[in-house]
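Please read the structure below before turning to the comments.
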Amino acid sequence: MKEMIIKRKIDEMGRIVLPVRMRRMMGIGIGTELQIEYADQKIIIKIPDEACQLCGSNHDLISYNGSNICRACVKKLQAVLEKDK
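Each residue of the sequence shown is one higher than the one before, counting from 1388 in the working numbering.
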């Protein structure tokens, strides 16, 4: 993975904004759950291991061939496949 370093200031409520470039690169959208860890003087923000491979959601997951896909994405894929018939 390509290294990317961007500085951001924390606002008065303790929030930071993840740059759109990083969010797009990682597939992070509105409602995506993130895992925040603290270890060895580092704050690590990542998508939880058990998340949909397509949208990052961790709700209603279906495991298929070692990957997780949420039911909402399955429905969207089914609609696309039906449309292509």
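Even for Gly, the Cβ is constructed at its ideal location relative to N, Cα and C.
Check                                                                                                                         : Outcome
Buried or exposed, going by whether 16 or more other CB atoms sit within 10 Å of the CB of Ile1415?                           : buried
How is the alpha helix (DSSP H) around Gln1465 delimited, first residue to last?                                              : 1458-1471
Of the residues Ser1444, Lys1429, Asp1427, which one's Cα is nearest the Cα of Pro1435?                                       : Ser1444
Could you please give the first and the last residue of the uninterrupted beta strand (DSSP E) stretch that includes Ser1450? : 1448-1451
So, is Ala1426 buried or exposed, given that buried needs 16 or more other C-beta atoms within 10 angstroms?                  : exposed
Would you kindly work out how many angstroms separate the C-alpha atoms of Val1404 and Arg1395, rounded to a whole number?    : 7 angstroms
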